[in-house]
Amino acid sequence: MKISVVSKKLWCVHKQLLLLLTPLVFLPLLFTLPEKEGRCLYVVVLMATFWCTEALPLAVTAMLPVCLFPTLGILPAKKVCPQYFIETNFLFLSGLVMASSIEEWGLHRRIALKVLTIVGVKPAWLILGMMLTSSFLSMWLSNTATTAMMLPIANAILESLFGDLETLKRKCKSPEDQDSQSSVKLHSLPSEPSEKQILSMDGSSEAVEHPDLRTAEEIRSESQYQLKVWKGFLICIPYAASIGGTATLTGTAPNLILIGQLKSYFPDCDLINFGSWFAFALPLMLLFLFLGWLWISFLYGGLNTRLCFTKHDHRAQAEARAKALIKEDYRKLGPINFAEGAISFFFVLFAVLLFTRDPKFVTGWSVFFKKGYVSDAVTGVIIVSILFFFPSQKPSLRWWFDPQALNTPYVPLLSWKKAQDSVPWNIILLLGGGFAMAKACEESGLASWIGGHLQPLAEVPPAAAVMLITAFLACFTEFASNTATIIIFLPVIAELAIHVSVNPLYFMIPATVGCSYAFMLPVSTPPNSIAFASGHLMVKDMVKTGIVMNILGVLSVSLAMNTWGVTMFNLNSYPEWAHPINKTAVITNVQLSYVQSLNATL
4 MKISVVSKKL
14 WCVHKQLLLL
24 LTPLVFLPLL
34 FTLPEKEGRC
44 LYVVVLMATF
54 WCTEALPLAV
64 TAMLPVCLFP
74 TLGILPAKKV
84 CPQYFIETNF
94 LFLSGLVMAS
104 SIEEWGLHRR
114 IALKVLTIVG
124 VKPAWLILGM
134 MLTSSFLSMW
144 LSNTATTAMM
154 LPIANAILES
164 LFGDLETLKR
174 KCKSPEDQDS
184 QSSVKLHSLP
194 SEPSEKQILS
204 MDGSSEAVEH
214 PDLRTAEEIR
224 SESQYQLKVW
234 KGFLICIPYA
244 ASIGGTATLT
254 GTAPNLILIG
264 QLKSYFPDCD
274 LINFGSWFAF
284 ALPLMLLFLF
294 LGWLWISFLY
304 GGLNTRLCFT
314 KHDHRAQAEA
324 RAKALIKEDY
334 RKLGPINFAE
344 GAISFFFVLF
354 AVLLFTRDPK
364 FVTGWSVFFK
374 KGYVSDAVTG
384 VIIVSILFFF
394 PSQKPSLRWW
404 FDPQALNTPY
414 VPLLSWKKAQ
424 DSVPWNIILL
434 LGGGFAMAKA
444 CEESGLASWI
454 GGHLQPLAEV
464 PPAAAVMLIT
474 AFLACFTEFA
484 SNTATIIIFL
494 PVIAELAIHV
504 SVNPLYFMIP
514 ATVGCSYAFM
524 LPVSTPPNSI
534 AFASGHLMVK
544 DMVKTGIVMN
554 ILGVLSVSLA
564 MNTWGVTMFN
574 LNSYPEWAHP
584 INKTAVITNV
594 QLSYVQSLNA
604 TL
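Taking this note's numbering, the leading residue of the sequence shown gets 4, the next gets one more, and so forth.
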């Protein structure tokens with residue numbers, strides 16, 4: 004057979020081959036390293052390989068610790084299984100349930116359209132509006148859901164601004180290209196027609212065609228500019244969703260993994276909670292969002308004199324149509340109903356209670372309860388539990404005394420079926436697998452063993468190490484799931500900080516945030532994939548935009564850690580809560596010396 008045929012057949016079964024060969028390839032780890040550390044490293048490398056290659060579904064790989072850690076003698080099952088639903092998972096679950104209630108009543112759409120009516124319709128301002136809305140929604144909804152919701156809205160607005168995309172692409176070509184490629188049918192966004200029907204049902208009848216007096220070259224130049232702006236719209240939404248998810252603990256999985264692993268490694272560390280993280284990460288998100296907006300607007304033609312001066316031309320007419328479209332669509336939503344008002348109230352209450360429980364810089368409301376008993380997870384579950392019985396219609400006493408009133412069934416703000424369908428249980432298993440892996444690395448001594456071999460990195464200045472860690476993980480997560488990436492590297496980074504006597508948070512926070520900065524490839528994150536699947540972006544567009552976004556992200560994180568981060572988390576000193584691992588070793592050595600001296604005396 005030809006080599007090409009063999010290679011195709013091998014590719015068809017490459018996942019099965021990986022499942023068979025990976026355990027054999029790494030088998031020497033069991034015999035060349037210390038017994039317990041070697042076995043734990045074998046499982047970690049095995050899981051990392053399966054996660055990065057997706058030879059098994061991510062959630063299935065996450066369940067491997069349940070069978071491998073007990074059978075290899077690394078950790079008993081009674082210690083492994085509880086890691087799959089610890090307190091952090093309940094915080095994540097409550098955030099997802101709140102997000103599903105927002106989606107159920109369309110509150111997210113009202114927020115998006117309101118922001119767009121405020122920022123205006125000039126391309127740069129619209130890009131800013133899209134980024135602000137996407138980032139805000141992704142703080143509470145999943146990044147994927149935010150992107151999936153915002154892209155059709157963006158495309159409907161772009162249709163109003165620039166017309167049909169197929170026609171626009173045809174105008175961008177020279178007359179010779181149009182003749183040679185007239186038979187080629189261009190793609191349109193799969194979700195576009197239905198959204199256009201929703202958004203522009205009434206607006207289309209008001210559009211008036213005016214004769215175009217421009218030359219062919221002017222039309223082609225203008226169409227190329229419009230196509231660039233269109234790409235800028237498509238690319239800014241997934242990027243803003245990824246950035247926005249870093250601002251809250253529940254916004255993205257790596258943030259929750261940081262909390263879980265901090266509680267595992269450093270039980271006495273109580274510096275990171277919803278309020279303190281929000282106070283640190285929100286300014287970082289806004290800074291990076293602003294820099295990202297400047298770069299995307301510059302790259303895709305949004306930054307020009309039209310931001311400051313009004314011109315009466317074809318662009319002005321298109322902008323007026325887009326403005327009318329947004330206002331009309333917002334008008335169609337009607338006044339806010341009782342269910343939307345109730346969800347808004349509980350959403351704000353959810354955020355305020357999480358933020359004020361124990362924000363560190365002021366006294367929180369948790370002081371009214373026994374210390375250490377009330378956590379963010381408790382707060383989240385209390386609020387979302389109310390959603391399952393609070394009415395979606397305004398209660399009325401008149402209904403009880405009116406025999407003519409309709410006896411319609413009682414409908415709460417959220418049903419369990421809707422919540423169950425909205426929760427990505429695979430992510431919860433993935434979080435649990437990460438916590439189980441971290442627990443095994445700690446108990447087996449693997450984390451300490453790896454940290455000892457990273458001692459040469461002590462020569463690198465901590466500020467430079469922060470930039471290197473963030474840049475490395477931002478690049479690594481381009482090819483692997485951000486959740487899998489942080490699970491693999493966070494224990495190593497914690498041990499590195501201990502061995503070089505640096506506050507662990509100084510390394511762990513940038514690593515966590517850096518895992519969400521995956522901008523260069525379509526496969527890096529689900530939001531990137533959704534935008535790329537529209538068919539209007541090329542890989543080179545994402546690489547060209549994303550490489551600068553990654554650099555801006557690394558610089559922003561470095562600035563945040565070395566300015567307000569130092570003050571908030573006292574990063575200049577090595578904390579007491581980071582000593583337990585070292586203290587255990589010291590106590591063991593003291594006890595051993597005492598026993599030896601006692602034996603010598605006897």
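Glycine included, each C-beta is placed from N, C-alpha and C at the ideal position.
As the structure is a computational prediction, the values presented were derived from the model and not from experiment.
query	result
Which of helix, strand or coil DSSP assigns to PRO415	strand
Own chain residues within Cβ distance below 7 Å of VAL232, not counting five before or after	PRO126, TYR303, GLY304 and GLY305
DSSP bridge partner residues for PRO671 (one or two, in chain order)	Because the chain is modelled from 4 through 605, residue 671 falls outside the range shown and cannot be assessed.
C-alpha distance - ALA474 paired with ALA323, whole-angstrom precision	43 Å
Span of the alpha helix (DSSP H), counted from its first residue to its last, around LEU292	277-302
Extent of the continuous alpha helix (DSSP H) to which GLY435 belongs	428-447
Closest by C-alpha distance to PHE88, when choosing among VAL546, GLU343, PHE438 and CYS444	PHE438
Beta-carbon spacing of PHE353, SER395 below 9 Å	no
Check whether GLY278 and PHE371 have beta carbons under 9 Å apart	no
Any chain D beta carbon closer than 9 Å to PRO79	The structure shown has no chain D; it contains just one protein chain.
C-beta contact flag for ALA477 and TYR520 at 9 Å	yes
Residues of its chain near ASN429, where Cβ-Cβ distance is below 6 Å and the 5 sequence neighbours each way are ignored	ALA62
Ordered list of alpha helix (DSSP H) runs contained in the region 322-376, each at least 4 residues	341-359
Where the alpha helix (DSSP H) containing LEU24 begins and where it ends	17-28
Coil, strand or helix - VAL523 by DSSP	It should be noted that the sequence gives Met, not Val, for residue 523. Coil.
Nearest-angstrom beta carbon gap, ALA250 and ALA284 [assumed within contact, 8 Å]	5 Å
Residue burial classification, LYS12 (beta-carbon count within 10 angstroms, cutoff 16)	exposed
C-alpha gap between LYS442 and SER10, whole angstroms	40 Å
8 Å CB neighbourhood of VAL187 in its chain, flanking five on each side removed	Confidence at VAL187 is low in this model, with a pLDDT of 38, below 50, so the placement of that residue is unreliable and no value is reported for it.
Rounded separation between VAL8 and VAL16 - CA only	13 Å
Inter-stretch contact at 8 Å, needing at least 3 Cβ pairs: the region 82-102 / the region 142-149	yes
Endpoints, the alpha helix (DSSP H) within which GLN264 is located	256-268
Span of the alpha helix (DSSP H) around MET610	Given that the chain is displayed from residue 4 to residue 605, the structure contains no residue 610 and the question cannot be resolved.
First and last residue of the uninterrupted alpha helix (DSSP H) at GLY568	567-572
ILE130 beta carbon less than 9 Å from that of TRP296	yes
Own chain partners of PHE281 with C-beta closer than 7 Å, once the 5 adjacent residues on each side are dropped	ALA250, THR251 and PHE358
Burial state of ARG401 (16 or more Cβ within 10 Å)	exposed
For ILE385 and PHE93, the rounded distance between their alpha carbons	11 Å
Contact the region 511-520 vs the region 555-562: 3+ CB pairs below 8 Å	yes
PHE535 versus MET288: straight-line alpha-carbon distance, rounded	24 Å
Contacting residues, own chain, Cβ-Cβ under 8 Å from ILE533 (five flanking each side not counted)	THR147, THR150, ALA151, LEU154 and PRO241
Host alpha helix (DSSP H) of VAL83 (start-end)	80-83
Minimum C-alpha distance to ASN573 - residue among ILE77, ASP273 and VAL118	ASP273
Neighbourhood of LEU44 by C-beta distance below 7 Å, restricted to the same chain and skipping five residues each side	LEU32, LEU36 and LEU449
8 Å Cβ shell around LEU49 - same chain, five flanking residues per side excluded	THR25, PRO26, PHE29, LEU67 and LEU71
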